Structure formats: structure tokens, C-alpha cells
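Everything on this sheet refers to the single structure shown next.
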Amino acid sequence: MRKLYLTFQYNQTMRSDTHNQPASAGFAKIARSARLKPAEGFTFRQANRPTNPPKRIDLLAGRSKVGRLWTPLVILLFLILSACAPILNASQPYYFVTAQSAPTLTPFQPGQATPAPTWPIPPSATPSPTAVPTLTATHAPPTSTALQSGFESTPDLPETPASRNSDELPTYNINALWNYTGRSLTVAQEIIYPNRSTDTLSTILLAVNPNLWHGTFALDSLTVNDQAISNYTLSGQTLTLPLPAPLAPGASLRIGLTYSLILPYSSGTFQNFGYTARQTNLIDWFPFVPPYFSGQGWVLSEPWTYGENFAYPLANFFIGLSFTEASPPTVAASAPAIQQGNMLRYVLRGARTFTFSASYDFQATSSEENGITVTSYFFPEHYDAGQRILLETQAAIRTYQNAFGPYPHTSLAIVETDLNDGLESDGLYFLASSFYANYDGSAANDLVMIGIHEAAHQWWFGGVSNDQALEPWLDEALCTYSEHIFYEENYPNLLNWWYNVRIRYYGPSGYADTRIYNTNSFRGYVNAVYLRGALFLDDLRDRIGDEAFFAFLRDYYARHQGRIATADTFFAVLADHTSNADDLIGSYFYYR
Ligand SMILES: [Zn+2]
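Note that numbering that gives the first Met the number 0 has the sequence shown beginning at 0, numbered continuously upward.
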């Protein structure tokens, strides 16, 4: 049944990370030589390198053969169930929202380091009682012009060191009232946006992910420096905001928005924003200003059927969250909550985004180590798995801090959820309920392998961001190879297993720098970007040795933390550590 489930799962669109799936690709033997040596200040235990296909592979291959017998039934089931998928805009379990009078919100006051805002004002709008959200994402790839105008050719590190000062970052003051059972929010939001580029800006873009669903996002007011703006355009995920006056380099402005969200049903197969039967995930739920690079413009890529598409500049978040319910659900968030009366207050400085997940069914366990509190949110039937992934995530934090550099925050939330695979956010990651259900008591399973992959995204996504659409390898290849580093350090006897079930089984092909728009299947995308990308890093390590390899990774992280990396800046740092990798780069990368 698992094969049947997975086959159906992968025939649909998805926007998440990946785990192992039996495939028809043959087992590819890759001759390797043992070469593990401890890097300076970083000790690895020796592990056995794989020499023969392990028993696990035989089991998977056998299951794959059985799976082929199910193919006609799977196709039929897919066709039936596809009719219910949001992407097809057909019938699905939408719930009508009942209009209620919204309690007055208390304006949220951010920390003292930020100028005291006169915003947000209490939102006055209430959700439409008859609106039914439907998903209308077109999945159209950007035009070739848009691709060519990307920032991938940026010759230098894209932001100045001064821009990493927390006080100079964009600031989001958000005050949200959440009607959890009614599946709607009313929001007042202020963005203090400093122009840190050398260009004078006449227009600002906002990324509005909820507007990909019809009837979900309703903008009630929009102001710039308290001046009402009516000549904006909102199309798909992009709000284009003409400024009343040009914004000079070094100057700041204040954008004010009030809006409501009528949450869509989350299928877990296209994005994961919205509600399911037992939880609601607020992912990319508020408008944000995408990165801007001097002389090149905004970095805002269109969504695609798989893979993420945003790049996030570093920002400070001050969020007040209230519920209409007298007994609100348990809330997991990108930062710990401070209870102030009926409001949950969150402060997260120097982060990429801010994500919530809420459920009345959550149980939670927390553990603090070296100033970092990890909290595991799980459903009651998965208690053992919830405890295990908490411990393994703490081990991953230890490993990655040694290998890459310091964890950027003081908390990390692990959230069980009804989606495929895993999905990263900043200070929070999601992990599929199916992994918890299939937890077998070992570390050789999707729960641990994908969990610690998502934990690695706190470095390669949170610490160092990138354009996830045009250069997805910059976070996914590094996170996949981080799995290798985790098992090598914590479960050396499982490194053999990892190589085989994660990489060799698929015989991956394709260029590591494949864009999300340029592959024909989710599996092909994963094989090229995740797996070939990880193999490049492994071959690079073979070539230059452990000491130079980990010195490079630590240097790359230190020089990019809080910034947005590009392939050019990645290879610029690498060039400081070796001049002996050009042939490897040429064989793994199309655009080099
Ligand atoms: Zn990932």
C-alpha cells in the first residue's frame, strides 16, 4: 500500500522536499575510494563505504516490481482523485466562513531598537460570508526575458556588510486576528523598507503568495508613508506598488496594508498554505518585499509545480497574533511566543520569513541545549516519533554548527503535518505525518533522514538564502549533502544505507544547476538538483580533501550568512580554497 500511496503522491504536483521512492531506475554502481579524514576542529568517525547493493535495495526493488502491477489501478485512482485536487479547481471540502464582528486588535509594539510605529491599526474588515477560495495558480513558467534578467550573473557578493546590521533590515510589524474554526484572518501590517541599493526606486514589488488562490486574499487598504495608494496592480503573486515619490538610496519608507485571508484547503500537494482536517499552516501568508539588486532589479520568480520559488531578504519580524476563539489551538511558530493577555507576541530578528502552524491536536515536547530550544509538535498517536525527531534534530544542530557555523536563532520548531515529505521555513520545519506513522525505531528512515535535511535548511535557506527557482541547488544540494555529514558523524554504520537509498538507487543524472522550470518531473528535478548536486559536493571533497572542503563550507557560510548567495558567489568563495575543481564544475553544472 505504501507503494501505491507514494506513486499517487508523486504523480501530483508538489512544493516540498523529497524522500526516497522506489523507482524504475536501475541501481548504479559508483566506484569510490575511502578517503575520510578529520577536518581541523571537526572529527568524523570512520564509516564503511558501500561496496555492494545492500539488502534494503533488494527490498525496495522488489517492491517496485510489485508496484508495476498496480500501475493501471494507480492511474485510474490518480485520475479520480485529481478531480479533487485544488490545481484543477474542482469540488473540494471548502467551508463557508461565517461573518463575525472582529474584536479590536491592540496595536503591536515592536522592540525598542525599532522606531515605534503608529501602525498597525486595528483591522476593521471581516471575511465575506459567502466567499469560497479556489486555487488558480497557472504554473506558467516565467518568460525567457524574465529568466535572463535574473541576478545569477551577479559578479560580487550582492549585499554590503553594512546591510547585515539588524537595525538596517526591513521590518515587518504584523497584527493578525485569526478565526481558526472559521479559517480566516484579518491582518494589519506595516513594512518599514530601507532602500539599501544604490538605485533610486520608483516602484516596489510585494510578493503576495495568498493571491494565487481566488478569493483568499482581499486587500482593504494600502498606504505609503500614510498616503493612500490606489494605482497599484495585483496580478498573481505580484503586487506592483508605484511610489508617490522616488525612494533614494539610504532612505526608508513605510508601507501599510490591511487585508483579510480566507484560507484555502491545503491539499498538501501544491504548496501547503491553508487548512487540513486537523491543522492550519500559514506559509508565505503575508505580503513581503522580495530582494532587490542594484542595477538588476527585483528577484521574484513565478511558482512552479514543484520546488519553491521565492528568495527572501533578511528582515526583522514583530508579530502579534490573537484568536477569536476563547480556547485557541496550540501554535507552532518560527519563534517562541510571549503571552500578553490574549495576544501571542513574537519577535524574530534577522530571519527570512515567519511561519505558523496551529492545531487543536498538537502535543509538544521541548528541549534546550546550548541556548537553542527545539520544540517538536506532533499528533498524539505519534509520540515516539515526535520524541525521536526532537533528539535527532538536536544532534543535527550540533553536527551542523561544527561543520558550517552557528545556528542563526535561539529556537527551532519541528511540525508534523499532512503534507508530502518535508518543507523548510526559518526557525521551523514541517515533516510529513506519513514519516511519523512509518517510524520503525531506527535512524534509517524518512523521519530522521528528511528531518535532518530540513534542519540543514536552517543554514542553507535560513542562514544563507538563494533564488530557489533559478538556483535551487544552492540550498537543496547542500542540504542533501548535509544528510551525509549527519549520518557520517552520528550514525557512521548507516552511511552505507544512506548512499544507496538516497542516491545510488536512482542512478541520478542531469545538471546540478537545473532550474525548477526546466525538468519534466519531480523525480527528474530531485535527481538533478538534490542528488547530482550532492554528488558534486562529495566529489569536490574527494578532490580537495576534508580540511579544504570543510574550510570552504565554513568560509562560504560565514561570508554569506544573512545574505543571498548566487552560483557566482558560491564559486568565488570556492576559488579561494582550490583552483583544482574546474573539470568537476564543468561536468556537473550547465551554466558554468
Ligand atoms: Zn530541501
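In this text, a Cβ means the ideal position worked out from N, Cα and C, and glycines have one as well.
None of these values were measured; they are calculated from a predicted model.
The C-alpha of Val-207 lies about 27 Å from the C-alpha of Asp-512. Taking Phe-361 as the centre and dropping the five residues before and after it, the same chain places the C-beta of Thr-329 and Tyr-376 closer than 6 Å to its C-beta, in chain order. For Glu-453, no pairing in a beta bridge is given by DSSP. For Val-572, there is no enclosing beta strand (DSSP E); the residue is found in the alpha helix (DSSP H) stretching over 566-574.
DSSP places Trp-472 inside the alpha helix (DSSP H), whose first and last residues are 472-489. Taking the Cα of Tyr-555 as reference, the smallest distance to any Cα among Thr-202, Trp-458, Pro-263 and Leu-494 is reached at Trp-458. Taking a C-beta distance under 9 Å as the contact criterion, Phe-429 and Asn-444 do not qualify as a contact pair. Annotation for Ile-318: the continuous beta strand (DSSP E) segment containing it runs 314-322. Sorting Gly-561, Phe-588, Leu-552 and His-559 by C-alpha distance to the C-alpha of Thr-577 places Leu-552 at the top. For Thr-398, same chain residues with a beta-carbon under 7 Å away, outside a window of 5 residues either side, are Ile-484, Phe-485, Glu-488 and Asn-489 in chain order. In this structure, Gly-461 lies away from Glu-415, with their beta-carbon atoms at least 9 Å apart.
In terms of CA proximity to Ile-282, Asn-308 leads the group Asn-308, Trp-297, Ser-293 and Gly-294.
For the stretch 394-457, the continuous beta strand (DSSP E) assignments of 3+ residues that do not extend past its boundaries occur at 410-416, 421-423 and 427-431, in sequence order. Non-local C-beta neighbours of Pro-243 in its own chain, meaning closer than 7 Å and more than five positions away in sequence, comprise Val-223 and Gln-226, ordered along the chain. DSSP places Thr-392 within a helical segment (H, G or I) once states are collapsed to three. When the Cα atoms are used, Glu-391 and Gly-349 turn out to be separated by approximately 25 Å.
The beta-carbon distance between Cys-478 and Ala-455, rounded to whole angstroms, is 4 Å. This is short enough to meet the 8 Å contact definition. Under DSSP, Gly-255 shares a beta bridge with Glu-189 and Thr-222. Cβ contact annotation for Pro-245 (same chain, cutoff 6 Å, sequence separation greater than five): Thr-199 and Ser-201, in chain order. For Arg-195, the three-state secondary structure derived from DSSP is coil. DSSP places Gly-294 outside both helix and strand once states are collapsed to three, so it counts as coil. Note that the C-beta distance between Leu-536 and Tyr-480 is below 9 Å. Residue state for Leu-240 is assigned as strand, using DSSP reduced to three classes. Excluding the 5 residues flanking it on each side, Leu-473 has same chain C-beta neighbours closer than 6 Å at Asn-465 and Ala-564, in chain order. One thing to note: Leu-205 has its Cβ within 9 Å of the Cβ of Pro-286.
Not one heavy atom of ligand 1 falls within 8 Å of the beta-carbon of Gly-461. Here the distance from the Cβ of Tyr-524 to the nearest heavy atom of ligand 1 is not below 8 Å.
Contact annotation: Gly-426 and Gly-450 have beta-carbon atoms that are not nearer than 9 Å.
Excluding residues up to 5 positions away in sequence, Thr-257 lie with their Cβ nearer than 6 Å to the Cβ of Ser-220 in the same chain. The beta-carbon distance between Ser-326 and Leu-176, rounded to whole angstroms, is 16 Å. This is too long to meet the 8 Å contact definition. Thr-180 and Phe-272 have their C-alpha atoms spaced approximately 16 Å apart. For Arg-348, the enclosing beta strand (DSSP E) stretches over residues 342-350.
The stretch 294-312 makes no contact with the stretch 331-344: fewer than 3 CB pairs, one atom from each, lie closer than 8 Å. Taking C-alpha positions only, Ser-432 is separated from Pro-312 by approximately 30 Å. Relative to the Cα of Asn-579, the nearest Cα in the group Arg-542, Glu-546 and His-559 belongs to Arg-542. Relative to the non-hydrogen atoms of ligand 1, the Cβ of Thr-392 never comes closer than 8 Å to any of them.
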